[in-house]
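In the numbering used here, the protein residues as written are 2 to 473.
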Ligand code: BG6
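#1: How close, in whole Å, do the beta carbons of residue 34 and residue 84 come, if the pair is a contact with beta carbons under 8 Å?
#2: Are the segment 447–454 and the segment 396–407 touching by the rule of at least three beta carbon pairs closer than 8 Å?
#3: Is it the case that the segment 226–244 contacts the segment 182–190, given that we only count it when at least three CB pairs across the two stretches are under 8 Å?
#4: Should residue 356 and residue 348 be called a contact, given that it needs their Cβ atoms to be closer than 8 Å?
#5: Restricting to Cα atoms, I'd like to know which of 9, 366, 295 and 291 is closest to residue 213.
#6: Is residue 40 buried or exposed, if buried means 16 or more other CB atoms sit within 10 Å of its CB?
#7: Are the beta-carbon atoms belonging to residue 160 and residue 233 less than 8 Å from one another?
#8: If we require 3 or more residues per run, which beta strand (DSSP E) segments fall completely within the segment 423–464?
#9: Identify, in the order they occur along the chain, each residue of the same chain with its Cβ nearer than 7 Å to the Cβ of residue 138, setting aside the five sequence neighbours on each side.
#10: Report the option in 272, 260 and 294 whose CA atom is closest to the CA atom of residue 282.
#11: In three-state terms, what does DSSP make of residue 358?
#12: Any heavy atom of the ligand BG6 closer than 7 Å to the CB of residue 219?
#13: Only counting the same chain, and skipping five residues up and downstream in sequence, which positions put a Cβ closer than 6 Å to that of residue 90?
#14: So, with DSSP's three-state summary, where would you put residue 251?
#15: Can you give, in chain order, each stretch of the beta strand (DSSP E) that sits fully within the segment 162–231 and has at least 3 residues?
#16: Give the DSSP-derived three-state secondary structure of residue 402 in the structure shown.
#17: Below 8 Å, how does it come out for the segment 436–447 and the segment 414–425: are there three or more Cβ pairs, yes or no?
#18: In whole angstroms, what is the alpha-carbon distance linking residue 95 and residue 266?
#19: Could you give the distance in angstroms between the alpha-carbon of residue 401 and the alpha-carbon of residue 369?
#20: Kindly indicate the opening and closing residues of the beta strand (DSSP E) around residue 2.
#21: Could you check where the alpha helix (DSSP H) with residue 244 kicks off and where it finishes?
#22: Just to confirm my understanding: we take residue 230, look at its own chain, exclude 5 residues before and 5 after, and list those with CB closer than 6 Å. What are they?
#23: So the candidates are 27, 430 and 210; which of them puts its Cα closest to the Cα of residue 443?
#24: When DSSP labels each residue in this structure, what does residue 421 get in the three-state scheme?
#25: Any idea if residue 43 is buried or exposed, counting beta-carbon neighbours within 10 angstroms, 16 or more meaning buried?
#26: Could you check whether the Cβ of residue 476 sits closer than 7 Å to any heavy atom belonging to the ligand BG6?
#27: What would DSSP say about residue 389, mapped onto helix, strand or coil?
#28: In chain order, what residues of the same chain lie with their CB nearer than 7 Å to the CB of residue 13, ignoring the 5 residues before and after it?
#29: If the criterion is Cβ atoms closer than 8 Å, does the pair residue 115 and residue 76 meet it?
#30: Got a sec, what are the start and stop residues for the beta strand (DSSP E) residue 267 sits in?
#31: Excluding five sequence neighbours on each side, which residues of the same chain lie with their C-beta closer than 6 Å to the C-beta of residue 284?
#32: Have a look at residue 98 and residue 29 and give me their C-alpha separation to the nearest angstrom.
#33: Check each candidate in 86, 110 and 104 and name the one with the smallest Cα separation from residue 70.
#34: Residues in the same chain with beta-carbon distance under 8 Å from residue 1, minus the five sequence neighbours each way, listed in chain order, please.
#35: Please report the distance separating the alpha-carbon of residue 447 from that of residue 373.
#36: Any idea if residue 432 is buried or exposed, counting beta-carbon neighbours within 10 angstroms, 16 or more meaning buried?
This is the structure we're talking about:
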């Protein structure tokens, strides 16, 4: 549908930007912090850095928050490192870790920036991992306890809470993002882990409603609609199946407290359905989100599977590159879409479709907690970074989000990835996303100096105009 005039963004729309603790903070063992699975990780692709120093935000957060304020951010989405708060995941609370996030929150609030706090972003405490990680049901209790500490400590400072970042990607692509553990996680184990994370999330949502007056909480999966490769009925069905496995399994559980029937049938058929203990269904039904956060980078396109033993169209496989599955769907390249330097298809219209679809299904306000373009940026001799490609990407997505608002989708905010350069999940620091350039290479830390990219000034203007500068 085309519109003669687009609806404006609400005056209190949360224009923000995002990061996650292990990708930006560094200081991996400072002030009592325990090791997370990301600190213990050894499977870095050749030539890419680990997370020990990252952007050194832990030591430079005041300078960074100052830059966020200059950028005009109304919200900052960040994650708390579980291992700073409870170093071994379920033992003593570390007061220095707790104090760090108080300082960060105070700095944000002093500048009128609304904190959006992710409780867990890919960095499970290694001590819990060694006890079985999410396969061990005790991790559900550890998460609930961690959640309680966060709610009690930060209730007065944080209104918007996110439970688990991209739970669906940890299940579908844990090997690429460093969360799969050593066992290689056969699928049955993965879907048991998934069940435990669902329980942990439901408990956290319930606790938030008890402990945080006016607190709002939601999940933060990576959601994108799946297109059928053609109008052939079998392709349409394959897309519906993959939509259920990739998207609705996670959101149905968060919002409706029950398993998506297609996803459940798929798990049963494959013999990977999780064991459900007495009382689980009640716990799952007891947690309800107040809003839905979602990360969006691209869409996926699939076709009907071919016969046994045939190509499933695997295209590598990470958060945005679907891997096909025999008997279910075949992953195909969408010839209508360009790709970025890392092979991810670029699809702003798919962003509008995704927002509409999610809102139609669940009727909860939406917050975009990631969207952005990873690219090889160049720092010029005069300290400028000309990242027109990032501006074009963001601008096209914001335009489609505005059309989605005109479609009737209730949007709370937009926090692109990322506020500042950080380390990507599996492609090092050279795959950059930030509005602020951090001067370091994979192994040469240089001075970690910050520079404003062209996208910084562009986003600053866009926020000032409440998102309408370039198109009214
Ligand atoms: C999301 C994650 O999957 O995508 C982020 O939540 C991640 O942690 C982002 O950095 C971009 O992916 P990548 O692999 O390019 O870092």
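Cβ coordinates follow ideal geometry from the N, Cα and C atoms, glycine included. From a predicted model like this one, the values you see are computed outputs, not experimental measurements.
Based on what the coordinates show:
#1: As a working note, residue 34 is residue 33 in the chain shown. As a working note, residue 84 is residue 83 in the chain shown. Residue 34 to residue 84, Cβ: 5 Å. Contact.
#2: Not touching, per the Cβ criterion.
#3: Touching, no, given that fewer than three Cβ pairs across the two stretches are closer than 8 Å.
#4: For this step, residue 356 is matched to residue 355 along the chain shown. For this step, residue 348 is matched to residue 347 along the chain shown. The Cβ-Cβ distance between residue 356 and residue 348 does not fall below 8 Å.
#5: Numbered from 1 along the chain shown, position 212 holds the residue referred to as residue 213. Nearest C-alpha to residue 213 among 9, 366, 295 and 291: 291.
#6: Taking the chain shown and counting its residues from 1, one reaches residue 40 at position 39. Flag for residue 40 reads buried.
#7: Here residue 160 refers to the residue found at position 159 when the chain shown is read from its first residue. Here residue 233 refers to the residue found at position 232 when the chain shown is read from its first residue. No, the pair does not count as a contact, with Cβ atoms beyond the cut-off.
#8: Complete beta strand (DSSP E) runs here, min 3: 437–439 and 451–453.
#9: In the chain shown, the residue the question calls residue 138 occupies position 137. Closer than 7 Å at Cβ, skipping near neighbours: 197.
#10: Working through the chain shown from its first residue, we reach residue 282 at position 281. The shortest Cα separation from residue 282 among 272, 260 and 294 belongs to 260.
#11: For the purposes of this step, residue 358 is taken as the residue at position 357 of the chain shown. Residue 358: helix per DSSP, three-state reduction.
#12: As a working note, residue 219 is residue 218 in the chain shown. Checking the 7 Å criterion, the Cβ of residue 219 is out of range of every heavy atom belonging to the ligand BG6.
#13: The residue you call residue 90 lines up with position 89 of the chain shown. These residues qualify, in order along the chain: 126, 128, 129 and 143.
#14: Residue numbering aside, residue 251 sits at position 250 when the chain shown is read from its first letter. DSSP places residue 251 within a helical segment (H, G or I) once states are collapsed to three.
#15: Fully enclosed beta strand (DSSP E) runs of 3 or longer: 217–221 and 227–229.
#16: If you number the chain shown from 1, residue 402 lands on position 401. In this structure, residue 402 counts as helix in the three-state DSSP scheme.
#17: Yes, the segment 436–447 touches the segment 414–425.
#18: Position 94 of the chain shown, counting from 1, holds the residue named residue 95. Position 265 of the chain shown, counting from 1, holds the residue named residue 266. Rounded to whole angstroms, residue 95 to residue 266 spans 44 Å at the Cα level.
#19: Taking the chain shown and counting its residues from 1, one reaches residue 401 at position 400. Taking the chain shown and counting its residues from 1, one reaches residue 369 at position 368. Taking the straight line joining both Cα atoms gives about 13 Å.
#20: Position 1 of the chain shown, counted from the start, is the residue given in the question as residue 2. For residue 2, there is no enclosing beta strand (DSSP E), as DSSP gives it neither H nor E.
#21: Sequence index remark: in the chain shown, residue 244 carries index 243 (1-based). Taken as a continuous stretch (DSSP letters only), the alpha helix (DSSP H) holding residue 244 covers 234–244.
#22: For the purposes of this step, residue 230 is identified with residue 229 of the chain shown, where counting begins at 1. Non-local C-beta neighbours of residue 230 in its own chain, meaning closer than 6 Å and more than five positions away in sequence, comprise 236, 302, 304 and 333, ordered along the chain.
#23: Position 442 of the chain shown holds residue 443. Nearest of 27, 430 and 210 to residue 443, Cα basis: 430.
#24: Here the question's residue 421 lines up with position 420 in the chain shown. Under the three-state reduction of DSSP, residue 421 is assigned to strand.
#25: Taking the first residue of the chain shown as position 1, residue 43 is located at position 42. Counting every other CB atom within 10 Å of its CB across the protein chains shown gives residue 43 a total below 16, marking it as exposed.
#26: Lying before the first or after the last residue shown, residue 476 is absent from the chain, which here runs from 2 to 473.
#27: Here residue 389 is taken as the residue at index 388 of the chain shown, counted from 1. In the three-state DSSP reduction, residue 389 falls in the helix class (H, G or I).
#28: Taking the first residue of the chain shown as 1, we reach residue 13 at position 12. Taken in chain order, the list of residues that qualify is empty.
#29: Taking the first residue of the chain shown as position 1, residue 115 is located at position 114. Taking the first residue of the chain shown as position 1, residue 76 is located at position 75. A contact, by the Cβ cut-off of 8 Å.
#30: Here residue 267 is taken as the residue at index 266 of the chain shown, counted from 1. That residue, residue 267, is in no beta strand (DSSP E); its alpha helix (DSSP H) goes 262–271.
#31: Residue mapping note: residue 284 aligns to position 283 of the chain shown, counting from 1. Residues 200 and 203 of the same chain have their beta carbon placed closer than 6 Å to that of residue 284, with the five preceding and five following residues left out of the count.
#32: In the chain shown, residue 98 corresponds to position 97, counting from 1. In the chain shown, residue 29 corresponds to position 28, counting from 1. When rounded, the distance between both Cα atoms is 11 Å.
#33: Start at 1 with the first residue of the chain shown, and residue 70 comes out as number 69. The candidate whose alpha carbon is nearest that of residue 70 is 110.
#34: Past the boundaries of the shown model lies residue 1; the chain is included only from 2 to 473, so the question cannot be answered.
#35: Residue mapping note: residue 447 aligns to position 446 of the chain shown, counting from 1. Residue mapping note: residue 373 aligns to position 372 of the chain shown, counting from 1. Rounded to whole angstroms, residue 447 and residue 373 show a C-alpha spacing of 26 Å.
#36: As a working mapping, residue 432 is identified with position 431 in the chain shown. With 16 or more other Cβ atoms within 10 Å, it is buried.
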